[in-house]
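Notes follow the structure.
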Amino acid sequence: MSALNKEYKNRLLRFTPHIIIILFLLTLPTFTDLAIVSLVTRILIFGLLVMALDLVFGYTGLMSLGHAAFFGVAGYTTAILIKYYHITSFWIAAPAGVLMATLLAAVFGILALRAKDVYFFLVTMALGQLVFEIFNTSTSAGKLRAMTGGSDGLGGIPYPDLGFSFSPTSYYYFALIAVAICALLLYLITKSPFGYSMQGIRESETRMRCLGYNIWLHKYIAFIIAGLFAGVAGVLFIYFNGFISPESVGFNTGGLILLMLILGGKGTLWGAVIGTGVMLALQYFVGTITPQRWPLIMGGTMVGVIMFFRGGIFPLSRNLWKRMRR
Amino acid sequence: MDKIVINALNGISYGMLLFLIASGLSLVMGLMGIVNLAHGAIFVVGGFVGLTIAKLTGSFLLAVLVGALSAGLLGVILERGFFRFLYKQDFAQVLVTFGFIFIIGNLLLWIWGPWPRSAFVPSYFAGSVPVMGAYFPIHRFAVIGIAAMIFFVLWWLQEKTRTGAIIRAGMDDAEMVSGLGINLTPINIGAFFLGSAIAGAGCVIGVQLFGSISHFDGMGLLLTAVIVVIIGGVGSVQGALVGALIIGLVDSFGKVYFPEITRFTMYLALAVIIIVKPSGILGRKL
Numbered sequence: 027m028s029a030l031n032k033e034y035k036n037r038l039l040r041f042t043p044h045i046i047i048i049l050f051l052l053t054l055p056t057f058t059d060l061a062i063v064s065l066v067t068r069i070l071i072f073g074l075l076v077m078a079l080d081l082v083f084g085y086t087g088l089m090s091l092g093h094a095a096f097f098g099v100a101g102y103t104t105a106i107l108i109k110y111y112h113i114t115s116f117w118i119a120a121p122a123g124v125l126m127a128t129l130l131a132a133v134f135g136i137l138a139l140r141a142k143d144v145y146f147f148l149v150t151m152a153l154g155q156l157v158f159e160i161f162n163t164s165t166s167a168g169k170l171r172a173m174t175g176g177s178d179g180l181g182g183i184p185y186p187d188l189g190f191s192f193s194p195t196s197y198y199y200f201a202l203i204a205v206a207i208c209a210l211l212l213y214l215i216t217k218s219p220f221g222y223s224m225q226g227i228r229e230s231e232t233r234m235r236c237l238g239y240n241i242w243l244h245k246y247i248a249f250i251i252a253g254l255f256a257g258v259a260g261v262l263f264i265y266f267n268g269f270i271s272p273e274s275v276g277f278n279t280g281g282l283i284l285l286m287l288i289l290g291g292k293g294t295l296w297g298a299v300i301g302t303g304v305m306l307a308l309q310y311f312v313g314t315i316t317p318q319r320w321p322l323i324m325g326g327t328m329v330g331v332i333m334f335f336r337g338g339i340f341p342l343s344r345n346l347w348k349r350m351r352r
Numbered sequence: 023m024d025k026i027v028i029n030a031l032n033g034i035s036y037g038m039l040l041f042l043i044a045s046g047l048s049l050v051m052g053l054m055g056i057v058n059l060a061h062g063a064i065f066v067v068g069g070f071v072g073l074t075i076a077k078l079t080g081s082f083l084l085a086v087l088v089g090a091l092s093a094g095l096l097g098v099i100l101e102r103g104f105f106r107f108l109y110k111q112d113f114a115q116v117l118v119t120f121g122f123i124f125i126i127g128n129l130l131l132w133i134w135g136p137w138p139r140s141a142f143v144p145s146y147f148a149g150s151v152p153v154m155g156a157y158f159p160i161h162r163f164a165v166i167g168i169a170a171m172i173f174f175v176l177w178w179l180q181e182k183t184r185t186g187a188i189i190r191a192g193m194d195d196a197e198m199v200s201g202l203g204i205n206l207t208p209i210n211i212g213a214f215f216l217g218s219a220i221a222g223a224g225c226v227i228g229v230q231l232f233g234s235i236s237h238f239d240g241m242g243l244l245l246t247a248v249i250v251v252i253i254g255g256v257g258s259v260q261g262a263l264v265g266a267l268i269i270g271l272v273d274s275f276g277k278v279y280f281p282e283i284t285r286f287t288m289y290l291a292l293a294v295i296i297i298v299k300p301s302g303i304l305g306r307k308l
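Line by line, the protein sequences are chains A and B. Letter 103 of the first sequence, counting from 1, is numbered 129 in the numbering used here, and no numbers are missing. Letter 237 of the second sequence, counting from 1, is numbered 259 in the numbering used here, and no numbers are missing.
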């Protein structure tokens, strides 16, 4: 009886942080103002983007600096459909954005996976910047400029029309549900046989090849899946933000999300969200005090985290919690 | 005909400037396996310091020397302070050096303000000379000439000297070189200093080709340099030169013949190389 009781208590303790987080997220709009709700919505959306990146970097060991490109392309596709082609239906514009991101990942995957290690990273950086250049057209290419708004970005995207009108609070819940479903799917992928072979490739490519796995195909599929979820995040972002500019596509964002991932702890999904939360909250508060120094603080955080704190917040706090329970 | 010659000269001068940026990147990447994403920012620092000196003293030579020295010192400080703890840790190097792009860019903004630095051309490089019926600025010939000299010095250093032999051996197997009793640390510091100093000098000499340079230009230039290194192949001076000339010529002819896609020609060249020969044209091993 007491052993059973102890096991029950243990399990309860183990999931206490999860329950607290879920309750916190569900009740958040009741006790904070809209600025914080909007910040947390942003954290959730970018959290999904960073989780998608975690799938390629944390789980498969492919470091990509071009991952913001898929996020941006999805957001831009949806925005262009709405603003330029006046296709306002959520059920066309949103899936089209995700589809474009997935297709782009399929094309970039073929190119980037020809290179290995550092070169893979450098090629994704160049490809990501190519996408940035396409959206950043300033003078030439009149039609493209009319579609994308060039360096000014593309704004004025309303909340999606799902038969009722969204408020910032209800969009928060919409994003929460969407991100939760995607996070669950990503979790299931990492726990599937495919997910384990991804981790096997991360640990030792040679060994996995000897075991008869098709390394290239595994990497390629992981890359595409990550592109798809980055696309979902991009669509959620454009409806939330109502505005997208080339800034959210280039390797500024690509580097920032890598930092978020490492700060939170790569290869853990939870860490991706935590790192995103810390960085975006930091950005929010720096923005209220000294916005001009944000690049300095961000760069400093990057150097500091990599030099001294590479394990990440999530693995550290998980170990601490484990020790405390004993 | 004269149009082709002028475009070729434009492409070559731009390519030679790119060589000055890319050679250091390639050297450090090949020798130490360090992907220094802050290289573009170091280039800009050299330019800012050099151009400030030029404005104060009016001496071009002094400006180039001080620019090179400041960039080289910054390179060594970064290597000794940070990068040397990160050998053989790809993702860590990449992110630390990436972080320094933001730090250096923001510090430049803080110190020098948001205005771009305009180029300084000494009187003896001003003016143009007739080439096949058209006029071509002397300054660009000077860029080509200086870069060509630096190329030959680097090539001689890497291929014909004992130090160069150690560098090349270090690229192939650093552990073995150390095992033979050769201390690689001064070589590494020297390579970092040399690569950064060439970039810094290159910025002072060649900034005229961009018109002016801003504190955030380090990122865009880095990207071009990275593409040059990927195309040419990592770790050889010749590779950097070939890659730089290809990008320079592709850029200048692209501007004339395909003006709509001129910003993307560089990426097209990259995509072709990745598909055909991922290790680069003169790459060592991948």
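Every residue, glycine too, gets a C-beta built ideally from N, C-alpha and C.
Going by beta carbon distance, what residues of the same chain come within less than 7 Å of residue i, once the five residues before and after it are set aside?
| i | result |
| --- | --- |
| I15/B | What the structure shows of chain B is the stretch from 23 to 308, and residue 15/B is not part of that stretch, so it cannot be assessed. |
| G305/B | G255, V256, G261 |
| R235/A | I241 |
| V264/B | G254, I303, L304 |
| F275/B | N29, G33 |
| R190/B | Q180 |
| T103/A | A122, G123, M126 |
| V275/A | A94, A95, G98, V157, F158, F161 |
Starting from the Cα of residue i, find the closest Cα among the options and give me that residue.
| i | options | result |
| --- | --- | --- |
| L96/B | L202/B, F232/B, F214/B, G240/B | F214/B |
| V67/B | A293/B, L243/B, P281/B, I268/B | L243/B |
| G94/B | A148/B, A60/B, S234/B | A60/B |
| R68/A | Q318/A, T327/A, G303/A | G303/A |
| V153/B | T284/B, K299/B, I283/B, I26/B | I26/B |
| L49/B | R184/B, N210/B, F158/B | N210/B |
| I56/B | L31/B, G89/B, F104/B | F104/B |
| I252/B | I269/B, I188/B, L130/B | I269/B |
| L100/B | V329/A, G189/A, T56/A | V329/A |
| F161/A | V294/B, V175/B, F286/B | F286/B |
| L188/A | F340/A, N36/A, A120/A | A120/A |
| V248/B | V86/B, F82/B, V116/B | V116/B |
| A307/A | T163/A, G221/A, V66/A | V66/A |
| L282/A | A248/A, I106/A, I323/A | I323/A |
| F255/A | I215/A, Q225/A, S271/A, M224/A | I215/A |
In the DSSP assignment, find the unbroken alpha helix (DSSP H) run with residue i in it and report its ends.
| i | result |
| --- | --- |
| A221/B | 206 to 228 |
| Y157/B | That residue, Y157/B, is in no alpha helix (DSSP H); its beta strand (DSSP E) goes 156 to 159. |
| A76/B | 61 to 79 |
| M77/A | 60 to 80 |
| G186/B | 184 to 194 |
| Q115/B | 112 to 134 |
| F346/A | Per the sequence shown, residue 346/A should be read as Leu rather than Phe. Counting along the chain, the alpha helix (DSSP H) containing L346/A begins and ends at 339 to 351. |
| E159/A | 143 to 161 |
| S92/B | 82 to 103 |
| R233/A | 231 to 236 |
If you follow the beta strand (DSSP E) that residue i is part of, which residue opens it and which one closes it?
| i | result |
| --- | --- |
| S150/B | 150 to 153 |
What is the DSSP secondary structure of residue i, reduced to helix, strand or coil?
| i | result |
| --- | --- |
| P144/B | coil |
| V269/A | Strictly speaking, residue 269/A in this sequence is Phe, with Val absent from that position. Strand. |
| L180/A | strand |
| I303/B | coil |
| L39/A | helix |
| S48/B | helix |
| I332/A | helix |
| I108/A | helix |
| S234/B | strand |
| R285/B | coil |
| R140/A | coil |
Enumerate in chain order the residues of its own chain whose CB-to-CB distance from residue i is below 6 Å, with the five nearest sequence positions on each side excluded.
| i | result |
| --- | --- |
| F263/A | I71, G101 |
| G84/A | K292, G293 |
| G338/A | G290, G291, G297 |
| L53/B | I189, G192, M193, A213 |
| G221/A | I215 |
Residues in its own chain within less than 8 Å of residue i by CB, not counting five upstream and five downstream?
| i | result |
| --- | --- |
| I227/A | T86, G87, M234, Y239, I241, H244, K245 |
| L153/A | G92, A95, F134, L137, A138 |
In chain B, which residues lie less than 9 Å from residue i when you measure between Cβ atoms?
| i | result |
| --- | --- |
| F354/A | Absent from the model: residue 354/A. The displayed extent of chain A is 27 to 352, so no value can be given. |
| L285/A | L117, F120, G121 |
Strictly below 7 Å CB to CB, what residues from chain A border residue i?
| i | result |
| --- | --- |
| Y289/B | A152, L156 |
Whose Cβ in chain A lies nearer than 8 Å to the Cβ of residue i?
| i | result |
| --- | --- |
| I125/B | P321, L322, G325, G326, V329 |
| V248/B | L148, M151, A152 |
Starting from the beta carbon of residue i, find every residue of chain A whose beta carbon is closer than 9 Å, and list them in chain order.
| i | result |
| --- | --- |
| P159/B | Under the 9 Å cutoff, chain A gives no residues; its nearest Cβ is about 25 Å from P159/B. |
Quick one: list the residues of chain B neighbouring residue i, beta-carbon separation under 7 Å, in chain order.
| i | result |
| --- | --- |
| A141/A | I296, P300 |
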